[in-house]
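Here's the structure we're looking at; comments come further down.
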Amino acid sequence: MTREDIIKAIEEMSVLELSQLVKDLEEKFGVSAAAPAMAMPMMAMPGAGAAAAAEEEKTEFDVVLADAGSNKINVIKVVRELTGLGLKEAKDLVDGAPKTVKEGAAKEEAEEMKKKLEEAGAKVELK
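Per full-length UniProt numbering, numbering of the sequence shown is gapless, rising by one per residue and ending at 127.
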């Protein structure tokens, strides 16, 4: 398998599949996909790690579908729109609630996703 084949396979993955691939690679090789530039300031300044972690928590959120509500079809449509998942995958995600729809979303993106899902009738939590 060439590099081009690998890149093509990655391009065809959904966001959730790509996220799982990154986690699997991190576990397999004992590495982290975190930016190395972030580690240097934390090591240089003792006590800055906790402050940086608290700041990071405020800017990135996991969008969690807590309950699909009574109008699952509309919720499935919105999940498909937001994630690019196929019909079966989106339905499985909605039926399996509580499930994470997106991990590490920016605050604005997470709030927009929450708004759209709630308009469709779902209950959503930002973590």
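Each residue gets a CB set at the ideal place from its N, CA and C atoms; glycine is no exception.
If you're wondering where the values come from, they're calculated on a predicted model, not measured in any experiment.
Does DSSP classify residue i as helix, strand or coil?
| i | result |
| --- | --- |
| Ala-9 | helix |
| Lys-72 | helix |
| Glu-93 | As written in the sequence, residue 93 is Leu, which differs from the Glu given in the question. Here Leu-93 sits in helix by DSSP. |
| Leu-85 | coil |
Can you check DSSP and say which residues form a bridge with residue i?
| i | result |
| --- | --- |
| Lys-102 | Val-63 |
| Val-31 | Paired residue(s): none; Val-31 is not in a bridge. |
What's the C-alpha gap between residue i and residue j?
| i | j | result |
| --- | --- | --- |
| Lys-91 | Arg-80 | 9 Å |
| Ser-14 | Val-22 | 12 Å |
| Ala-97 | Phe-29 | 31 Å |
| Ala-122 | Met-1 | 42 Å |
| Glu-11 | Asp-5 | 10 Å |
| Thr-59 | Met-113 | 15 Å |
Which residues in the same chain as residue i place their Cβ atom closer than 6 Å to its Cβ, once the five residues preceding and following it in sequence are excluded?
| i | result |
| --- | --- |
| Leu-85 | Ser-14 |
Quick one: residues in its chain with C-beta nearer than 8 Å to the C-beta of residue i, no 5 flanking neighbours on either side, listed in chain order?
| i | result |
| --- | --- |
| Val-64 | Pro-98, Lys-99, Thr-100, Val-101, Val-124, Glu-125, Leu-126, Lys-127 |
- Those runs of the beta strand (DSSP E) which lie wholly inside the UniProt region "Disordered" (104-127) and span at least 3 residues: 123-126
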